[in-house]
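If you read the sequence shown in the numbering used here, its first letter stands for residue 2, the second for the next number, and so on.
For glycine and all other residues, C-beta sits at the position ideal for the given N, C-alpha and C.
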Amino acid sequence: MNRLLDGVLAGRGGVLELVGDPGTGKTHLLNALARLAADRGAALLRARAVPGEAKPYQVFRDAWCSAPEPPEPPAPSAPVRLPRWDSAADRELARALGALGGDGAVLLLDDLHHADPSSARLLGQLLDQPPPGLLLALAHRPRQTAPALLSALDEAEQAGTATRIEPRPLDTAAVAALLRAHAERTGPAGPPDPAADPAAAPKAPPAGLTGPGATPARWEAERLRAAAGGNPRIARILLEYGPEPGPSPAGGRPPRAAAPLLAELDLLSPAAAELLDAAAVLGEPFWPGDLAQVRGLAAAPAAEALAELTRTDLVRAAGPGGELAFRHPVLGTLLHRRIDPGLRTALHRRALALLETRDAPAAARARHAEHTVRGTDPAEALRLLAEGAAEVFATAPATAVRWLRIVLAHPPRNSRDTDARVRLAVDCCRALTAAGRPAEARELAHQVLHGSHTLGEGPRSAVLAACVGAERLLGRYAEADAMARTVLDSLPRPLTGPLPAETAELVFDYGLLHALRGTAAEVRDLAHEAAGVAGQPGRTALQVLAGFCDSYAGDFARADPAVAVLAHLVDSRPDGFAGRAPELLALLGCAELYLERFTDAYRHLDRGLSVAGDGAHKHLAVDQLLGLSMLDQWAGRLDLAQRRARRAERLADEIGAPDAAGLAMAMRASALLWASPRRRTAEAVALAERGLRTTVPGAGWWAGSALGLLAVARLAGGDPAGSLRTLAGGGGPDLERLQPPSRPSLFAVMTTAAALCGDLGTARRSAAAADEAARRLGRPTFQQAHADRAGAALALAEGDHRAAARLALGAAEAFDALRVPLLSAWTVIGAAPAMAAALGRRAALGRLDEAVESARRCGALRLCEDGARVRSALLELPAAPTAATGGSTTATGGSTGLSKATGPTGLSGPSGPTGLSGSTGLSGLSAREREVAELAAQGLSSRRIAEHLVLSPRTVETHLGSVYRKLGVASRAALARLPLDTDGGLPGGGPAA
2 MNRLLDGVLA
12 GRGGVLELVG
22 DPGTGKTHLL
32 NALARLAADR
42 GAALLRARAV
52 PGEAKPYQVF
62 RDAWCSAPEP
72 PEPPAPSAPV
82 RLPRWDSAAD
92 RELARALGAL
102 GGDGAVLLLD
112 DLHHADPSSA
122 RLLGQLLDQP
132 PPGLLLALAH
142 RPRQTAPALL
152 SALDEAEQAG
162 TATRIEPRPL
172 DTAAVAALLR
182 AHAERTGPAG
192 PPDPAADPAA
202 APKAPPAGLT
212 GPGATPARWE
222 AERLRAAAGG
232 NPRIARILLE
242 YGPEPGPSPA
252 GGRPPRAAAP
262 LLAELDLLSP
272 AAAELLDAAA
282 VLGEPFWPGD
292 LAQVRGLAAA
302 PAAEALAELT
312 RTDLVRAAGP
322 GGELAFRHPV
332 LGTLLHRRID
342 PGLRTALHRR
352 ALALLETRDA
362 PAAARARHAE
372 HTVRGTDPAE
382 ALRLLAEGAA
392 EVFATAPATA
402 VRWLRIVLAH
412 PPRNSRDTDA
422 RVRLAVDCCR
432 ALTAAGRPAE
442 ARELAHQVLH
452 GSHTLGEGPR
462 SAVLAACVGA
472 ERLLGRYAEA
482 DAMARTVLDS
492 LPRPLTGPLP
502 AETAELVFDY
512 GLLHALRGTA
522 AEVRDLAHEA
532 AGVAGQPGRT
542 ALQVLAGFCD
552 SYAGDFARAD
562 PAVAVLAHLV
572 DSRPDGFAGR
582 APELLALLGC
592 AELYLERFTD
602 AYRHLDRGLS
612 VAGDGAHKHL
622 AVDQLLGLSM
632 LDQWAGRLDL
642 AQRRARRAER
652 LADEIGAPDA
662 AGLAMAMRAS
672 ALLWASPRRR
682 TAEAVALAER
692 GLRTTVPGAG
702 WWAGSALGLL
712 AVARLAGGDP
722 AGSLRTLAGG
732 GGPDLERLQP
742 PSRPSLFAVM
752 TTAAALCGDL
762 GTARRSAAAA
772 DEAARRLGRP
782 TFQQAHADRA
792 GAALALAEGD
802 HRAAARLALG
812 AAEAFDALRV
822 PLLSAWTVIG
832 AAPAMAAALG
842 RRAALGRLDE
852 AVESARRCGA
862 LRLCEDGARV
872 RSALLELPAA
882 PTAATGGSTT
892 ATGGSTGLSK
902 ATGPTGLSGP
912 SGPTGLSGST
922 GLSGLSARER
932 EVAELAAQGL
942 SSRRIAEHLV
952 LSPRTVETHL
962 GSVYRKLGVA
972 SRAALARLPL
982 DTDGGLPGGG
992 PAA
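Below you can see the structure in the form of structure tokens.
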């Protein structure tokens, strides 16, 4: 704007166009320009176009009168009616405006979408050639501006005579500033009164709202920004109504920020206003025919009224089939709240009758039934509310809570309703939990327990199950366990069927409790027993629970086939089935993650996340986000992994789950560690430490997982001693406090850390423990790869370079087969010194370059830096390493000089030779097959083998297939584990330089 003013004061003309939806800040920018112009001594005229009948050139007349000393009228004082473009009045006005610009002037015209035709025509002429020394500043809404004026503005911008500015939506920092200002002005509670209207109560700014760095403030600001779409006016309205305003009685003072919106509504014709009331009652999306029918308007006047609403941009097309919606949902809320209460009830009754004729779902009818409960048939309205709550539980639990509370507020008609009301109270508890309000769920469950002393066994088990779920989310594991045992300990064992549905629910919630406590193995037998005698739908839920407990306990042989069958069953069901027991997808995805079914795990966790979402089942969304974040990190999608972890942290903070928030911090730290250069190591490690501190000590899976991530962060960050202390202190000497599926990987971390610290005793014990842990799990690929990493780290520390290279390359090959490139690259980069000594510098550099390229594609800057450092050290070695001539090195670094170069990349130490033994069946191979087998065992890819032997990659694969059959192996990893020869060279005895 200063640049445009410079031009005007220098005698040039200019045009500034401000465009955007209502409330985006156009008028604010005009005011800022007015202040700048006044400060610089420019003459200032301003006006605002108004809708409705106006005299010709009305906006220019108003602007002319706004000057401190109005100049002589540029046209006759009588109204001017000029039908032609080149009329005398147009020319006179243009000349007069040009005269204003002699010493520099600014003409500010707001709301030009309301301009009368004469004013719009004159503006088109001025845009073609702005008068010298005059700046035209024009603000308008493009959706409502006349097409001819829009065309003239576009042509001016194309010609370079006009500058267009569209205010950008508010970012999170700007919304946080609004939150702070609102908190200072109204206090933490703020209007409206939550007691009077809980659904409309705003989310009070947290006590920690002291600056943009405060985490609760950031979450609140992000949510408000998303709800408002970045629109400043809508954001201010929602500050008083809350980001998710619900229906409430009419009355009360509307937010001051809503005044411009309400002023627009007051200008509507009676028919248009009536149609808009019907839209507010029907809710989005709505259809033209329904509007007319609910409001009782005939077709012709309804069509005219709808044309007026679309012309004023209060209503917009929302999709195919003629669907309509408000300009912004908050408009519907404002309208609904200001409708007369009696009229609003009548309109809802009409809407309900309309939906009844169409046999609409209960949820659609319940939206209107909640406003007709006090009508002539309250029992029918209450029935609809209960049925509607069941339908929306999975996708809109907060709405389910509101409807169920209306039902529960009405006294039962007779004593036979007691059990049904208890069931509804349980449903309300579960909906509160799903909506992220476990404290309210716990309070309601305890009220039911204490207020109903005559509960039967079934209803009491259902209430206890809901209470256990709430206590679990609040981290009150001991209380939840004690409550569940009051029923479960009295059950006959083994269980007999059929198991009551309420008892099945209690067993399921009890199993979830132990899954999060890290003691899932303790409920395996109970889960299997219950699954065997329960009916549907509880049986499927219990079967998934049993499969998860088996995989968590490391019983992969039992879990794998069962989980595969359950996955097929769940895949055949619609989301509604998963929505009735949404924990199924979370449990199934986590079980598949343990069982190395990574693709299936990702699919089920992602599906569960789409069912849950931010607004529903936040506790489950947290679990799913954490699982997806880990899978994304392994797959090298580090940016996405960080975003998922940050979102999980936000949701965990919102529902008051410190364990989940702490693990989310640790996962974000892990992804940040790999994605950032080494100079940010301290930041990532500090975040992981904060995550572990946030979890409840000894809180099972949460704390154990956060502890493992911190140990890896400290190792990768160059603190192997700290990594050892973390694992030994939190996991126990044998990591017995951590879940079995995580032990091979963490024993590998412990082995590497001990080797780097020179503690060979601990390194040997840890490597042996890693292999034993993988054996107990059945040696699945992922777990065995970690055990091989541990063996490679130990071999490197002991100076056995051939074994280190062989094991590391086998582990990398396994990680690649599982599509876990990050771990593969880390393994190869750490083992590069061993490969240089065992295979020769050329082969080592080839594998190193492939690993660094893979790390680059993942965005793993740390590994790229480590790889570059190791490569430089390799290039400083002689062309033929000591190992190629049969030399040896010591366990402290030896003659390679690479121990310090590799540093904390994961494997570090001396190097040595490698080769395939003639005693392994190589005598049955052809010369070419021996060459291919030798190079594959050294870790070369098929492409690099093809380049080395001047073959095609397809020919190499054919030879490899023959090698596998003759040697009785099934993979490169198995080939690399075969016994080695002692000549230290490639076939033919030459060095691998």
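Item	Value
Measure the C-alpha to C-alpha separation of serine 119 and glutamine 126 and round it to an integer number of angstroms.	11 Å
Okay, do the segment 671 to 680 and the segment 624 to 640 touch, 3+ Cβ pairs below 8 Å being the bar?	yes
Please classify alanine 467: does DSSP put it in a helix, a strand, or coil?	helix
Taking Cβ to Cβ, would you say alanine 380 is nearer than 8 Å to alanine 390?	no
According to DSSP, simplified to helix, strand and coil, what is isoleucine 656?	helix
Report the partner residues of alanine 140 according to the DSSP bridge assignment.	Leu19
Could you tell me which of Gly459, Leu517, Gly470 and Ala516 sits nearest to leucine 492, measuring between CA atoms?	Gly459
Whole-angstrom Cβ separation of leucine 795 and alanine 768, contact assumed at under 8 Å?	4 Å
Just to confirm the assignment: which complete alpha helix (DSSP H) runs, minimum length 4, are found wholly within the segment 264 to 328?	271 to 283, 289 to 296 and 300 to 312
In angstroms with no decimal places, state the Cα-to-Cα distance between glutamate 690 and valine 449.	41 Å
Apart from the five residues just before and just after alanine 259, which ones in its own chain have a Cβ nearer than 6 Å to its Cβ?	Ile238 and Leu335
Can you say whether glutamate 584 is buried or exposed, counting buried as having 16 or more other CB atoms within 10 angstroms of its CB?	buried
Starting from threonine 400 and walking both ways along the alpha helix (DSSP H), at which residues does that stretch end?	398 to 410
Between which two residues does the beta strand (DSSP E) harbouring arginine 169 extend?	Run containing arginine 169: none; DSSP gives neither H nor E here.
I'd like the span of the alpha helix (DSSP H) that includes alanine 361, first residue to last.	Neither: alanine 361 is in no alpha helix (DSSP H) and is coded neither H nor E.
Sorted by chain position, which residues of the same chain lie with C-beta nearer than 6 Å to leucine 154's C-beta, five sequence neighbours on each side aside?	Glu18
How long is the line joining the alpha carbons of alanine 300 and leucine 262, rounded to whole angstroms?	27 Å
Tell me, please, whether the segment 681 to 690 touches the segment 651 to 659 by the rule of three or more beta-carbon pairs shorter than 8 Å.	no
Just to confirm, are histidine 995 and glutamate 523 a CB contact at a threshold of 8 Å?	Residue coverage of the chain in this structure runs from 2 to 994, which leaves residue 995 outside it and unanswerable.
So, for aspartate 194: in the same chain, excluding its five sequence neighbours on each side, which residues have a beta-carbon less than 7 Å away from its beta-carbon?	With a pLDDT of 38 at aspartate 194, under the threshold of 50, the modelled position of that residue is not reliable, and the figure given next carries that caveat. Excluding positions up to five away in sequence, the list is empty.
Going along the chain, which residues of its own chain have a beta-carbon closer than 6 Å to the beta-carbon of aspartate 772, five neighbours each way excluded?	Ala788
Can you tell which of Ser270, Glu444, Gln625 and Leu810 has its C-alpha closest to the C-alpha of isoleucine 830?	Leu810
Between Leu546, Arg165 and Ala542, which lies nearest to aspartate 526 when the distance is taken from Cα to Cα?	Leu546
Is the beta carbon of glutamate 472 less than 8 Å from the beta carbon of arginine 443?	yes
Are there 16 or more other CB atoms within 10 angstroms of the CB of asparagine 232, so buried, or fewer, so exposed?	buried
DSSP three-state call for glycine 910: helix, strand or coil?	Residue confidence for glycine 910 is low, a pLDDT of 39 falling below 50, so the modelled location carries little weight; the figure read from the coordinates is stated next. Note: glycine 910 maps to coil in three-state DSSP.
Taking the C-alpha atoms as reference points, what is the distance between alanine 222 and valine 427?	33 Å
Given this structure, state the Cα-to-Cα distance separating leucine 10 from leucine 31, to the nearest angstrom.	18 Å
Three-state secondary structure (DSSP) at valine 853?	helix
So, phenylalanine 748 versus alanine 729, is the Cβ gap smaller than 8 Å?	no
Give the range of the alpha helix (DSSP H) segment to which aspartate 867 is assigned.	862 to 876
Provide the residue(s) that pair with alanine 48 in DSSP beta bridges, ordered along the chain.	Leu110
Could you check the C-alpha separation between alanine 535 and glycine 498 for me, to the nearest Å?	7 Å
Which residue's Cα is closest to the Cα of aspartate 660: Ala704, Pro745 and Leu425?	Ala704
Just tell me which of Leu824, Thr782, Thr828 and Leu589 has its CA closest to the CA of leucine 797.	Thr828
What's the gap between the Cα of cysteine 591 and the Cα of proline 562?	15 Å
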